[in-house]
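Okay, so here's the structure we're looking at.
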Amino acid sequence: ELVIYRRKIEEDRIFGSVTVADIVSALKEKGFEVDKKFIELDQPIKKLGVYEIPVKFSPDRVVTIKLEVIEEK
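FYI, the numbering for the sequence shown is 96 to 168, going by our numbering.
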């Protein structure tokens with residue numbers, strides 16, 4: 096499970112967004128080197144919440160990562 100913190104601007108919307116680059120950085124902090132081309136994120140995440148992010152190493156090797164975007168205090 097990954098956790099990324101972002102400032103909340105209203106209700107569940109965040110300031111900025113969570114991108115593939117942010118996910119790669121969070122994985123690197125946990126000791127995992129993953130190329131951004133393997134991360135399947137259709138569009139940047141713009142709300143707080145829990146997300147299932149597919150990491151596709153090959154057509155038959157897909158790992159799903161649980162990503163939680165939490166309000167930065």
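In this text, a Cβ means the ideal position worked out from N, Cα and C, and glycines have one as well.
- Put simply, of 156, 148 and 154 the residue whose alpha carbon is nearest the alpha carbon of residue 162 is 148.
- Straight across, the Cα-Cα distance linking residue 145 with residue 164 is about 6 Å.
- Residues of the same chain with a CB within less than 6 Å of the CB of residue 121, apart from the 5 flanking positions on each side, are 97 and 99 in chain order.
- Between the alpha carbons of residue 168 and residue 101 lies a gap of roughly 9 Å.
- Between the C-alpha atoms of residue 117 and residue 125 there is a straight-line separation of about 13 Å.
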